[in-house]
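In my numbering, the protein residues as written are -19 to 323. Note that beta-carbon positions come from the ideal geometry of N, C-alpha and C, so glycine has one too.
Here is the structure:
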């Protein structure tokens, strides 16, 4: 599976302690609503649904629910015939068709997977997951324009859909459409600024020469932040900068060790760089008193451009703020025990 393509297989939470009939109905309702199930609940549900399907093999909903549970317990080969039967019994149900597509995909049957998503969209043209997964299918096949078409349709319905946003940027990267790629990464980061994919998105954006977002190393964590900005020619923080500093302060305050280094670069203006550094420090310490009490913030400022080396190239940034924290564990004090001399 393409590392950039994320398949979601979300299922439902169910209440324990129900009678078998109620349990079965509750299970099916929650599966169809796509809530979460624990491992124990899934195993119990699998046993219940298998018995129910054996007693009523022509029940489309039971076949669908059992197929979904088998998928969720990582048995896609066993799930496939039950989902196929659900579709045979109820071929107009877009949800059944979609999950049959998921099962085909998990069994590496790419063409039937694609056909199932297309059939689902024939029944419901706004079926969001079918649009996204069909885009994923085409992306895996390197059919970039077709994938892009379905991601765009998905984003028209759900503008913050993480898969569609991220994979759209990947497509522009493959197509070498740099202006579109830059915009796509920024749109992804505006909606999804944290996590491993955000780190990758920021790296891709920086490689394109866009530093509107960048990664900062804070102890064991990498934090993706928008650029810290100020009112023109001043040390007054903008609202977006304050939001980013709140994240920095919270992250550092939760770490027990290490000092936060704040480096401010302002080409040809050391005095402004110093005022901005102090402004950042005061803002963080005002909201996170523990960092002030423990004196855990250090400042540095420079009247030159920041130099960043990446992929063998050096970029110069005339105005920037960098956060860095090396997490140094506190060594436990070992008290030496006095051993008396033997008499």
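Which residues does DSSP list as the beta-bridge partners of residue i?
{"i": "residue 32", "result": "Answer is none; residue 32 lacks a bridge partner."}
{"i": "residue 287", "result": "296"}
{"i": "residue 241", "result": "278 and 304"}
{"i": "residue 197", "result": "202 and 304"}
{"i": "residue 210", "result": "217"}
{"i": "residue 246", "result": "299"}
Put residue i into one of helix, strand or coil per three-state DSSP.
{"i": "residue 305", "result": "strand"}
{"i": "residue 156", "result": "coil"}
{"i": "residue 235", "result": "coil"}
{"i": "residue 20", "result": "helix"}
{"i": "residue 226", "result": "helix"}
{"i": "residue 89", "result": "coil"}
{"i": "residue 326", "result": "The structure shown does not extend to residue 326, since the chain spans only -19 to 323, so no value can be given for it."}
{"i": "residue 217", "result": "strand"}
{"i": "residue 37", "result": "coil"}
{"i": "residue 105", "result": "coil"}
{"i": "residue 0", "result": "Note that residue 0 scores 44 on pLDDT, short of 50, meaning its location in the model is unreliable; the coordinates nonetheless yield the value given after this. Note: residue 0 maps to helix in three-state DSSP."}
{"i": "residue 68", "result": "helix"}
{"i": "residue 43", "result": "helix"}
{"i": "residue 273", "result": "helix"}
{"i": "residue -19", "result": "With a pLDDT of 39 at residue -19, under the threshold of 50, the modelled position of this residue cannot be trusted; read the value that follows with caution. Correct three-state label for residue -19: coil."}
{"i": "residue 173", "result": "coil"}
{"i": "residue 26", "result": "helix"}
{"i": "residue 259", "result": "helix"}
{"i": "residue 191", "result": "coil"}
{"i": "residue 141", "result": "coil"}
{"i": "residue 310", "result": "Low per-residue confidence applies at residue 310: pLDDT is 42, beneath 50, and the placement is therefore not dependable, though the value from the model is reported in the following sentence. It is coil, neither helix nor strand."}
{"i": "residue 147", "result": "helix"}
Check the C-beta distance from residue i over to residue j and give it rounded, since I have them as a contact under 8 Å.
{"i": "residue 197", "j": "residue 182", "result": "Not quite, the Cβ-Cβ distance comes to about 12 Å (not below 8 Å), so this is no contact."}
{"i": "residue 283", "j": "residue 253", "result": "6 Å"}
{"i": "residue 101", "j": "residue 134", "result": "Actually they are not in contact, since the Cβ atoms of residue 101 and residue 134 sit about 11 Å apart, beyond 8 Å."}
{"i": "residue 92", "j": "residue 84", "result": "4 Å"}
{"i": "residue 117", "j": "residue 90", "result": "7 Å"}
{"i": "residue 201", "j": "residue 231", "result": "6 Å"}
{"i": "residue 25", "j": "residue 49", "result": "5 Å"}
{"i": "residue 153", "j": "residue 128", "result": "Not really, about 12 Å apart at Cβ, beyond 8 Å."}
Tell me where the beta strand (DSSP E) around residue i begins and ends.
{"i": "residue 204", "result": "201 to 206"}
{"i": "residue 280", "result": "277 to 282"}
Name the two residues that bound the continuous alpha helix (DSSP H) containing residue i.
{"i": "residue 126", "result": "124 to 137"}
{"i": "residue 55", "result": "Looking at the DSSP string, residue 55 is not in any alpha helix (DSSP H), and its letter there is neither H nor E."}
{"i": "residue 184", "result": "176 to 187"}
{"i": "residue 108", "result": "108 to 120"}
Within its chain, find whatever has a CB closer than 6 Å to the CB of residue i; leave out the 5 residues flanking it on each side and keep chain order.
{"i": "residue 221", "result": "208 and 209"}
{"i": "residue 241", "result": "278 and 304"}
{"i": "residue 47", "result": "59, 62 and 63"}
{"i": "residue 113", "result": "97"}
{"i": "residue 244", "result": "253, 256, 257, 281 and 301"}
{"i": "residue 184", "result": "165"}
{"i": "residue 190", "result": "162"}
{"i": "residue 110", "result": "78, 97, 100 and 101"}
{"i": "residue 69", "result": "40"}
{"i": "residue 44", "result": "66 and 76"}
{"i": "residue 295", "result": "288"}
To which residues of the same chain is residue i closer than 7 Å at the C-beta, ignoring the five residues directly before and after it?
{"i": "residue 173", "result": "204"}
{"i": "residue 80", "result": "63, 64, 67 and 96"}
{"i": "residue 259", "result": "215 and 217"}
{"i": "residue 167", "result": "145"}
{"i": "residue 267", "result": "226 and 229"}
{"i": "residue 42", "result": "29, 32, 33 and 36"}
{"i": "residue 188", "result": "158, 161 and 162"}
{"i": "residue 352", "result": "The structure shown does not extend to residue 352, since the chain is modelled only from -19 to 323, so the question has no answer here."}
{"i": "residue 311", "result": "Its pLDDT being 43, under 50, residue 311 is placed unreliably in this model, and the coordinates cannot settle the point."}
{"i": "residue 106", "result": "137"}
{"i": "residue 264", "result": "225, 228, 229, 271 and 277"}
Tell me which same chain residues have a C-beta within less than 8 Å of the C-beta of residue i, skipping the five on either side of it?
{"i": "residue 247", "result": "283, 284, 285, 298 and 299"}
{"i": "residue 103", "result": "72, 73, 74 and 77"}
{"i": "residue 56", "result": "50, 83, 86 and 87"}
Any beta carbon from chain B within less than 8 Å of residue i's own beta carbon?
{"i": "residue 60", "result": "Reference to chain B is not applicable here, since this structure consists of a single protein chain."}
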